[in-house]
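K.L.:
Those protein sequences? They're chains A and B, same order as listed. Note that our numbering has the first sequence beginning at 1, numbered continuously upward. Note that our numbering has the second sequence beginning at 1001, numbered continuously upward. Below is a structure I'd like to ask you about.
2 protein chains.
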Amino acid sequence: MNAPRFATAEDAENAFYEAVARGDLEALMAVWADDEEIVCIHPTGLRLRGVAAIRESWRGIFAGNPQLTVHVTQSVRWTSMLLAVHSHVETLYIGSDTTPHGPMLTTNVFQRGANGWRLLSHHVSPAGEAVTEADDEARHTLH
Amino acid sequence: MNAPRFATAEDAENAFYEAVARGDLEALMAVWADDEEIVCIHPTGLRLRGVAAIRESWRGIFAGNPQLTVHVTQSVRWTSMLLAVHSHVETLYIGSDTTPHGPMLTTNVFQRGANGWRLLSHHVSPAGEAVTEADDEARHTLH
């Protein structure tokens, strides 16, 4: 498949969560940068470095969970020309079950390269207590 | 106190961990950006937004633990003109006790502004298993 080109970090992030929802490993891996070291930290506390380790971990996740829907709220975004960072609260839904799992706390890092925006780092960890803050949004473009 | 000016993200990060080691709340808060929304996620899973909430949480941490030494390894760094992101494995030492606590996984985000580099986001979470990877370093400057 031709590598997709994401015009914004948000486009890359949406493609990431859509690939998770579809259990589509190739689409998921196409969101990651392929010319930089990449890091993925799962909610279990496993830290993976590099394409091969990250691909293998997601292959295992998708094998066990056919459908994972991630709902993202309370976002804070910092954007510059070549790097963008998004901080979110994630809630996870498994299959058609409407029971929310989480919340989890996420820091996503994106890089703009020759082929558009790609994911460099995805750090997810469990929230230690219920997050009751309103679902507000914050966007910051650095000048 | 006059606000310090950090010439690099590494300088800001070193000042952050030195302030933690000294339990110096003013020095710690001087590392954070004061003109952007800031986010701090503690290993307990508590996500704080804004200077007031972050200051109060560290005030409490310093009140209970007079000396916290953080040893950082296995770093991956991505740097651009205005944003820099560092991913580390942290080991924590409390007081003069040589027992290591952790490991913990960290994503630090820095912004370059008019007053040099400052911290935007500090996301720490427990590592779920022993990290046995070698203490290698990776630095990436985006072009």
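Glycine included, C-beta positions come from ideal geometry on N, C-alpha and C.
Return the Cβ separation of valine 1039 (chain B) and serine 1121 (chain B) in integer angstroms, given the expectation that the two are a contact with Cβ distance under 8 Å.
P.N.:
Start at 1 with the first residue of the second sequence, and residue 1039 (chain B) comes out as number 39. Start at 1 with the first residue of the second sequence, and residue 1121 (chain B) comes out as number 121. Indeed they touch by this definition, with Cβ atoms about 4 Å apart.
K.L.:
How many whole angstroms separate the CB atoms of leucine 1025 (chain B) and tryptophan 1058 (chain B), which I take to be in contact at a CB cut-off of 8 Å?
P.N.:
Numbered from its first residue, the second sequence carries residue 1025 (chain B) at position 25. Numbered from its first residue, the second sequence carries residue 1058 (chain B) at position 58. Their Cβ separation, rounded to whole angstroms, is 6 Å, which keeps leucine 1025 (chain B) and tryptophan 1058 (chain B) in contact under 8 Å.
K.L.:
Whole angstroms is fine: what's the gap from glycine 1095 (chain B)'s alpha carbon to alanine 1021 (chain B)'s?
P.N.:
On the second sequence, residue 1095 (chain B) is found 95 positions in, with the first residue counted as 1. On the second sequence, residue 1021 (chain B) is found 21 positions in, with the first residue counted as 1. If I take the Cα positions, the gap works out to 9 Å.
K.L.:
Go ahead and label methionine 81 (chain A) buried or exposed: buried means 16 or more other beta carbons lie within 10 angstroms of its beta carbon, across all protein chains shown.
P.N.:
As a first step, residue 81 (chain A) must be located in the first sequence, where it is residue number 81. Exposed: under 16 other Cβ atoms inside 10 Å.
K.L.:
For a test of the three-state rule: what should DSSP assign to asparagine 1065 (chain B), helix, strand or coil?
P.N.:
Taking the second sequence and counting its residues from 1, one reaches residue 1065 (chain B) at position 65. Asparagine 1065 (chain B) falls in the coil class under three-state DSSP.
K.L.:
Leaving out five residues before and five after glycine 23 (chain A) in sequence, what residues of the same chain have Cβ atoms less than 6 Å from its Cβ?
P.N.:
On the first sequence, residue 23 (chain A) is found 23 positions in, with the first residue counted as 1. Taken in chain order, the residues that qualify are Phe62, Pro66.
K.L.:
For the ligand ATP, is there a heavy atom less than 8 Å away from the beta-carbon of aspartate 34 (chain A)?
P.N.:
For the ligand ATP, the structure offers nothing, since it holds no ligand at all.
K.L.:
Please confirm if glycine 1128 (chain B) has its CB atom under 9 Å from at least one CB of chain A.
P.N.:
Position 128 of the second sequence, counting from 1, holds the residue named residue 1128 (chain B). Answer yes: the Cβ-Cβ gap between glycine 1128 (chain B) and chain A drops below 9 Å somewhere.
K.L.:
Within a Cβ cutoff of 8 Å, which residues of the same chain sit near tryptophan 117 (chain A), ignoring the five residues on either side of it in sequence?
P.N.:
Translated into positions along the first sequence, residue 117 (chain A) becomes position 117. Around tryptophan 117 (chain A): Phe6, Ala7, Thr8, Ala9, Asp11, Ala12, Ala84, Phe110, Gln111.
K.L.:
Just to make sure I have the definition right: I need the residues of chain A whose C-beta is within less than 8 Å of the C-beta of valine 1089 (chain B). Which are they?
P.N.:
Residue numbering aside, residue 1089 (chain B) sits at position 89 when the second sequence is read from its first letter. Going along chain A in sequence order, the residues near valine 1089 (chain B) (Cβ under 8 Å) are Arg47.
K.L.:
Nearest-angstrom Cα distance between histidine 1123 (chain B) and threonine 107 (chain A)?
P.N.:
Within the second sequence, numbered from 1, the residue matching residue 1123 (chain B) stands at position 123. Within the first sequence, numbered from 1, the residue matching residue 107 (chain A) stands at position 107. The alpha-carbon atoms of histidine 1123 (chain B) and threonine 107 (chain A) are separated by roughly 7 Å.
K.L.:
Report yes if the CB atom of threonine 73 (chain A) is closer than 9 Å to the CB atom of leucine 92 (chain A), and no otherwise.
P.N.:
Working through the first sequence from its first residue, we reach residue 73 (chain A) at position 73. Working through the first sequence from its first residue, we reach residue 92 (chain A) at position 92. Taking 9 Å as the Cβ cut-off, threonine 73 (chain A) and leucine 92 (chain A) do not qualify as a contacting pair.
K.L.:
With a threshold of 16 other CB atoms inside 10 Å of the CB of glycine 60 (chain A), please say whether the residue is buried or exposed.
P.N.:
The sequence position of residue 60 (chain A) within the first sequence is 60, counting from 1. With fewer than 16 other Cβ atoms within 10 Å, it is exposed.
K.L.:
If we cut at 9 Å on Cβ distances, does glutamine 1111 (chain B) have a partner in chain A?
P.N.:
Here residue 1111 (chain B) is taken as the residue at index 111 of the second sequence, counted from 1. Yes, glutamine 1111 (chain B) counts as interfacial toward chain A.
K.L.:
Chain A partners of histidine 1123 (chain B), CB-CB under 8 Å?
P.N.:
Position 123 of the second sequence, counted from the first residue, corresponds to residue 1123 (chain B). Near histidine 1123 (chain B) (Cβ distances below 8 Å), the residues of chain A are Ser87, Leu105, Thr107, His123, Ser125.
K.L.:
Once DSSP output is grouped into helix, strand and coil, what is the label at glycine 116 (chain A)?
P.N.:
As a working mapping, residue 116 (chain A) is identified with position 116 in the first sequence. The answer is strand: DSSP assigns glycine 116 (chain A) an E or B state.
K.L.:
Return yes when the Cβ of valine 31 (chain A) is within less than 9 Å of the Cβ of alanine 53 (chain A), no when it is not.
P.N.:
Along the first sequence, one-based indexing puts residue 53 (chain A) at 53. Along the first sequence, one-based indexing puts residue 31 (chain A) at 31. Inclusion of alanine 53 (chain A) and valine 31 (chain A) in the CB contact set at 9 Å is not warranted, their separation being larger than that value.
K.L.:
Under the DSSP definition of a beta bridge, which residues are partnered with methionine 108 (chain A)?
P.N.:
As a first step, residue 108 (chain A) must be located in the first sequence, where it is residue number 108. Note that residue 108 (chain A) is asparagine in the sequence shown here, rather than methionine. Paired residues: A:His86, A:His122.
K.L.:
Look at leucine 119 (chain A) and alanine 33 (chain A) and say whether their C-beta atoms are less than 9 Å apart.
P.N.:
Taking the first sequence and counting its residues from 1, the one referred to as residue 119 (chain A) is at position 119. Taking the first sequence and counting its residues from 1, the one referred to as residue 33 (chain A) is at position 33. Their beta carbons are under 9 Å apart, which means leucine 119 (chain A) touches alanine 33 (chain A) by this criterion.
K.L.:
Using a cut-off of 8 Å between C-beta atoms, extract the partners of leucine 119 (chain A) located in chain B.
P.N.:
Reading the first sequence from its first residue, position 119 is the one you call residue 119 (chain A). Under the 8 Å cutoff, chain B gives no residues; its nearest Cβ is about 11 Å from leucine 119 (chain A).
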